[in-house]
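Q: Let me give you the structure first, and then I'll get to my questions.
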Amino acid sequence: SQELEQSPQSLIVQEGKNLTINCTSSKTLYGLYWYKQKYGEGLIFLMMLQKGGEEKSHEKITAKLDEKKQQSSLHITASQPSHAGIYLCGAKGDYNQGGKLIFGQGTELSVKP
Amino acid sequence: NAGVMQNPRHLVRRRGQEARLRCSPMKGHSHVYWYRQLPEEGLKFMVYLQKENIIDESGMPKERFSAEFPKEGPSILRIQQVVRGDSAAYFCASSHPGGRETQYFGPGTRLLVL
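Here it is as structure tokens:
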């Protein structure tokens, strides 16, 4: 079965600094989703990547999917306290698996003012 | 446009009681998914439904758990005879039909079993 591994597990950065979170899959990715979860709340959809080499940006967050479609990175530029939370990558690894999403264990981000 | 709605947000049950968790999908969405987040564990898929049909229940525990999504009304996740190990956050997501559609999540129901 497919597994997603995120690194680092936790991250503390100073406000204004850049950071990167990685998500590595044991199998080829068919759709990679990034979500953000604030403690005690639901998941907020950030971005979805499907094609090898694809890159998407929203405000100060950029997500990339590598050419081999087994690794994705999430990059935050000039971090702010509002970026704090748990970042989760989710994937539909098997083309025939339909709607089921498999998630990484999450990366907890803290931003110090 | 209202997002995915779940209720109750918090639910306390004693061992042996039943828990009913409700999920109303986003407007226009006909597919619903349930996930469970156990303490210190990641988010795990439980079941995928469309109206009046279970598409994938590969993540559902074999006993005591059931899910439905009737023609009218919200999707229901039902847990019978709850045990302490059922304490977790239960999230519902919804999407348009199609395996590649983005899933949008509700705020979750936090179940505590005493």
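Quick note, the sequences are listed as chains B and P, same order. Numbering-wise (our numbering), the first sequence opens with residue 1 and increments by one. Numbering-wise (our numbering), the second sequence opens with residue 1001 and increments by one. Backbone N, C-alpha and C fix where the C-beta goes; we use that ideal spot for every residue, glycine too.
1. Taking alanine 1019 of chain P as the reference, which of P/His1096, P/Tyr1104, P/Ser1095, P/Ser1066 has the closest Cα?
2. Is the stretch 75-93 of chain B close to the stretch 1061-1077 of chain P, with three or more CB pairs under 8 Å?
3. Compare the C-alpha of histidine 1031 of chain P against each of P/Leu1112, P/Arg1110, P/Gly1108, P/Cys1092 and name the closest.
4. Go through its chain and collect everything with a Cβ distance to lysine 1071 of chain P's Cβ below 8 Å, but skip five positions before and after it.
5. Please go through the stretch 1025-1067 of chain P and give each complete beta strand (DSSP E) segment of 3 or more residues, from N-terminal end onward.
6. Chain B beta carbons: is any one of them nearer than 9 Å to that of glutamate 1068 of chain P?
7. Does the distance from the CB of glutamine 6 of chain B to the CB of threonine 20 of chain B come in under 9 Å?
8. Count the other CB atoms, across all protein chains shown, that sit within 10 Å of the CB of lysine 36 of chain B; report buried if there are 16 or more and exposed otherwise.
9. With a CB to CB cut of under 6 Å and the five nearest residues on each side skipped, what residues in its chain are close to isoleucine 86 of chain B?
10. CB-CB under 6 Å to arginine 1014 of chain P, same chain, minus the five flanking residues each way: which ones, in chain order?
11. Within its chain, find whatever has a CB closer than 6 Å to the CB of glutamate 1057 of chain P; leave out the 5 residues flanking it on each side and keep chain order.
12. To the nearest angstrom, report how far apart threonine 77 of chain B and serine 57 of chain B are at their CA atoms.
13. Quick check on serine 73 of chain B: does DSSP put it in helix, strand or coil?
14. Could you check what DSSP says for histidine 1010 of chain P in three-state terms: helix, strand or coil?
15. Using a Cβ cut-off of 7 Å, which residues of the stretch 67-90 of chain B contact any Cβ in chain P, in chain order?
16. Less than 9 Å between the beta carbons of glycine 1042 of chain P and phenylalanine 103 of chain B, yes or no?
17. Determine the DSSP secondary structure at arginine 1022 of chain P, reduced to helix, strand or coil.
18. List the DSSP bridge partners of threonine 24 of chain B.
19. State yes or no: is the beta carbon of proline 1107 of chain P nearer than 9 Å to at least one beta carbon in chain B?
20. Alpha carbon to alpha carbon, how far is glutamine 2 of chain B from lysine 27 of chain B?
21. Give me the residue from P/Val1083, P/Gln1006, P/Met1026, P/Val1012 with the minimum Cα distance to serine 1094 of chain P.
22. Which residue from B/Glu41, B/Val13, B/Gly16, B/Tyr33 puts its Cα closest to that of glycine 1108 of chain P?
23. Going along the chain, which residues of its own chain have a beta-carbon closer than 7 Å to the beta-carbon of alanine 84 of chain B, five neighbours each way excluded?
A: Quick look at the numbers:
1. P/Ser1066
2. no
3. P/Cys1092
4. Lys1051, Glu1052
5. 1031-1037, 1043-1050, 1053-1056
6. no
7. no
8. buried
9. Gln37, Gly106, Glu108
10. Leu1114
11. Val1047
12. 11 Å
13. strand
14. strand
15. Leu88
16. yes
17. strand
18. B/Glu5, B/Gln71
19. yes
20. 6 Å
21. P/Met1026
22. B/Glu41
23. Leu109, Ser110, Val111
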